[in-house]
Amino acid sequence: MKRIDKFVLKSFLGPLVLTFFIVLFIQIMQFLWMYVDDLAGKGLEINVLMELLFQFSLVFVPTALPLGILLASLMTFGNMGENFELTALKSSGISLQRIMRPLIVLLMFISIASFFFANNVLPYSNRKAKTLMYDIQRKRPELNIQAGSFYNGLQGFSIKIGSKDPETNRLERILIYDHRDNNGNTSVTYADSGYMRLTPDESSLVFTLYNGYSYNDINEKNAAISNRKYPFRSASFGEQSLLVELSGFDLDRSDMSLFSSNSTMLDLSELNTFIDSLTTRLEKRRDNYLSEFNLTRIYARKNYLRESENTDTATTIYEKFNIDTLYNSLTVSQREATLGIAVKNARAGSSYIIEKNQTLHRDEKGVRKYEIEWHKKFTLAVACVVFFFIGAPLGAIIRKGGLGMPVVISVLFFV
-13 MKRIDKFVLK
-3 SFLGPLVLTF
7 FIVLFIQIMQ
17 FLWMYVDDLA
27 GKGLEINVLM
37 ELLFQFSLVF
47 VPTALPLGIL
57 LASLMTFGNM
67 GENFELTALK
77 SSGISLQRIM
87 RPLIVLLMFI
97 SIASFFFANN
107 VLPYSNRKAK
117 TLMYDIQRKR
127 PELNIQAGSF
137 YNGLQGFSIK
147 IGSKDPETNR
157 LERILIYDHR
167 DNNGNTSVTY
177 ADSGYMRLTP
187 DESSLVFTLY
197 NGYSYNDINE
207 KNAAISNRKY
217 PFRSASFGEQ
227 SLLVELSGFD
237 LDRSDMSLFS
247 SNSTMLDLSE
257 LNTFIDSLTT
267 RLEKRRDNYL
277 SEFNLTRIYA
287 RKNYLRESEN
297 TDTATTIYEK
307 FNIDTLYNSL
317 TVSQREATLG
327 IAVKNARAGS
337 SYIIEKNQTL
347 HRDEKGVRKY
357 EIEWHKKFTL
367 AVACVVFFFI
377 GAPLGAIIRK
387 GGLGMPVVIS
397 VLFFV
């Protein structure tokens, strides 16, 4: 390896590692900011958090690596241009393409490695991260109660709160449906305000309610099939406590096969299998819908004219059963009835077509989703090369190193 190649590689590798980990760190911080409500207060062990961050770090590599390469190439050639090193090399008869050659070779290896990463490592990391995040969100579900919407994470209860003060844990406009008896919405409690707290052993959730009402339909489990009348009971209270037993205090780890059919968690061979099976199912469903439509009242009758082998006979039949002649021979009431039936059949056919078309459209979207993910396996490798060929000449033109101007230009190109 010549000295110029060592110099260019040394100038590039440092900024590449630096910018890659900076971008990765920013994305991890963004992830923590987005999911802080799901992670805070769950009592997660440090090894669980480290595993979660590690898996999501791998998930963010397809975004961080191309942007890191773009930044590094801009910084490298910008620094070389700012320090007149490019000028010195060009004055010695060395072209920009020759200066870029060792980096092009390096980028080829990075692109090949990134393809195998996207095809082999990334699906596993996506599955692992998604499963772990799903388990964390299921742990301590009472902490996920949000204002303005019904929460059904507590077994046997459906709860809605108007507002929630995160500092004092004070709740306003509390509505609780008790479904523990499986009798539907027969037991309802409403309170103007209240508090929510855990018991010391954290096995139960206690709602302390103030100034409210409770309503109960006193009936049997089979009241829906009985004609008997049952009493209704309502009561007001100044203060009332409701104890809800909790499950999910410990982190239960789910099997990763739970998300095995997700398009982002499959490699190329698995994606090909899914695409083939979904495409085959789509074609069969389309043919079945067409066959079903041909069996409706609109096309149920056979077309004897087409089946007739004797053309003269077919012509005679058509002349005998001319539609206009038949229609004109009907009475007014018969015409109205005929038109009504025709309109009814047309509307039924239109509704059938609209419904089945929506189903086929959803199936087509499912196929396209897997096809898009199939192409994404190659986009990381291509993006690494493309971003380098954007950043290197651009850095030589702007002649600005550091993290200032290269960051601005990189973000603009990346967006």
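Reminder that position 367 of the sequence shown reads as 353 in our numbering, one-by-one numbering, no gaps.
Ideal Cβ placement from N, Cα and C applies to all residues, glycine included.
None of the values given here were measured: they were computed from a predicted structure.
Secondary structure note for K146: its beta strand (DSSP E) is the uninterrupted segment F143 to K150.
The continuous alpha helix (DSSP H) containing Y356 extends over residues V318 to I384. Y137 has its alpha-carbon roughly 16 Å from the corresponding atom of S173. The C-alpha of H361 lies about 19 Å from the C-alpha of R113. I(-10) places its beta carbon 9 Å or farther from that of C370. In this structure, the CA atom of E153 is about 34 Å from the CA atom of I8. Contact check for L264 and L60: beta-carbon distance about 42 Å, past the 8 Å limit, so the pair fails to qualify.
The beta-bridge partner set that DSSP reports for G180 consists of L157 and L195.
Within the stretch 46 to 72, the alpha helix (DSSP H) runs of at least 4 residues that lie entirely inside it are, in chain order, 47 to 68.
Per DSSP, G0 is one residue of the alpha helix (DSSP H) stretching across R(-11) to M20. Between F374 and L89 the beta-carbon gap is near 7 Å, inside 8 Å, which marks them as a contact.
When secondary structure is reduced to three states using DSSP, T185 falls in the coil class, being assigned neither helix nor strand. Per the DSSP secondary-structure output, T265 pairs with nothing in a beta bridge. Sixteen is the threshold: since fewer than 16 other Cβ atoms of the shown chains lie within 10 Å of the Cβ of E231, the residue is exposed. With contacts defined as CB atoms closer than 9 Å, F6 and A367 fail to qualify as a contacting pair.
In this model, L268 and L346 are separated by some 7 Å (Cα to Cα). Judged by beta-carbon spacing, L228 lies within the 9 Å limit of F193, meaning their Cβ atoms are closer than that value. Secondary structure of T175 (DSSP, three-state): strand.
Closest in alpha carbon position to K355, among N69, F260 and G180, is F260. Ranked by Cα distance from S190, the first of Q13, I12 and Q141 is Q141.
DSSP places R87 in the helix class (H, G or I) of the three-state scheme. Among the bridge pairs identified by DSSP, Q226 is matched with L195. With respect to the 9 Å criterion, S111 and L184 are not classified as neighbours on the basis of their beta carbons. The C-beta distance from Y181 to R156 rounds to 6 Å, short enough to fall under 8 Å. S277 has its alpha-carbon roughly 56 Å from the corresponding atom of F11.
The beta carbon of N106 sits closer than 8 Å to those of D253, all from its chain and outside the five residues before and after it, given in chain order.
When beta bridges are read from the DSSP output, A221 appears opposite S200. Cα atoms of A378 and G67: separation of roughly 11 Å, rounded to the nearest angstrom.
In this structure, I85 places its C-beta atom within 9 Å of the C-beta atom of L72.
The beta carbons of Y176 and Y199 sit closer together than 9 Å. Counting only residues of its own chain and dropping the five nearest sequence neighbours on each side, Y275 has a CB closer than 7 Å to the CB of K342. Closest option to K(-8), judged by alpha-carbon separation, among L53, A26, D167 and R87: R87. Its Cα nearest to that of V(-6), the residue T62 stands out among T62, L30 and T311. Distance from N169 to Y163 at the Cβ level is roughly 11 Å; contact not present, criterion being Cβ atoms closer than 8 Å.
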